[in-house]
Each structure stands twice: as structure tokens, then as C-alpha cells.
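Quick note: the sequence shown uses our numbering, first residue 34, plus one each step.
Every residue, glycine too, gets a C-beta built ideally from N, C-alpha and C.
The structure appears right after this line, and notes come after that.
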Amino acid sequence: MFAVDGTEAEFLPYVTPGPLWSKRCYIRLKMTSENTPTAPVSLPKYLREGLPKQDVSTLEDAQAYIEELIEFQQRPVDPDDLPDGAEPVEDEDSDGKGTVVKEKVTCGDDSCHCSKNGEKHGPYKYRYYRDESGTLTSEYLGKA
Ligand SMILES: [Zn+2]
């Protein structure tokens, strides 16, 4: 005997369909007709497997916590922690993470005029933000 989804049913043979049969059949149909949400593949395995096991109240707690974490990770960098000469600018084309600055920089080449009190390069746009461990990190965004 086979259920609607093609898997072998668990009922004993020769049992006349009755109330019990109907109930089990209903449960199987219900389980297979609902589409369980699929976790994004970017989620680590422990979250993919752990989150679906939580009840609504725990999921709502997790949701609030996740929003707090996102806001924390996107927080602006304290102006005192930015390099000298880095000037915060309006951040028009971004997700709002960290602080976007306009900055003139040295290129690291000892023979370049920028290393000898000459004109520095730029200005360029950088995004400064704190990574997951709190380390100040910068990301090049292009010419300012
Ligand atoms: Zn240079």
C-alpha cells in the first residue's frame, strides 16, 4: 500500500479503512502538502538545523536579537577612531554600515612624492566599520 506521496505506508495489510486509517492518512497528507520554508544556503549548518526546531516565542526573541546585532554591526565609527584627515561624508549608495569618509592617502612607495611631504593621492572614499570582533576595518569605495 502506498500513500499519496509515493512512500510506502505504514499500515498493516488487510485492515479495513476506518477512523484510524483516515486519521493517519490525513496526518501524512498534511505533512507532505505543506511546504516547509527552506533556509538560505548562506546560513551556517547549526542555524539551518537549529532555527526550525524553535517555537514561535523563541523565534521572535531571536528575531529581536538579530535586529539588535545588525544595528550594532552597522554602527558608525567613533570620529576619534578615524585616521587624521578622514572626513566623514554623506553615504548615499550604501546599506548604512559604519562611516563613509573622504580621505587623501599615501601609496606606500618610498620614492613617490606623497612620502616626502608632497601632495597625497586622492581623495578617495573609504568605508570604516567594526568587524564582528570589533576590529576597525576599512573598505575602498572608489574616487571621491
Ligand atoms: Zn604616492
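Query                                                                                                                   : Result
Outcome for Leu16 when other beta-carbon atoms lying within 10 angstroms are tallied against a minimum of 16            : As displayed, the chain neither begins before 34 nor continues past 177, which places residue 16 out of reach and without an answer.
Neighbourhood of Gly129 by C-beta distance below 6 Å, restricted to the same chain and skipping five residues each side : Gln107
Proximity winner among Tyr159, Pro85 and Asp88, relative to Val133 (alpha-carbon distances)                             : Tyr159
Neighbourhood of Leu169 by C-beta, 7 Å cutoff - its chain only, sequence neighbours within 5 removed                    : Val110, Asp114, Tyr161 and Arg163
Sequence-distant residues of the same chain with beta carbon closer than 7 Å to Gly155, five excluded per side          : Glu136, Lys137, Val138 and Ala177
Neighbourhood of ligand 1 [Cβ distance below 6 Å to any heavy atom], ordered by chain position                          : Thr139, Cys140, Asp142, Cys145, Cys147 and His154
Classification of Gly175 by the beta-carbon crowding that lies within 10 angstroms, buried from 16 upward               : exposed
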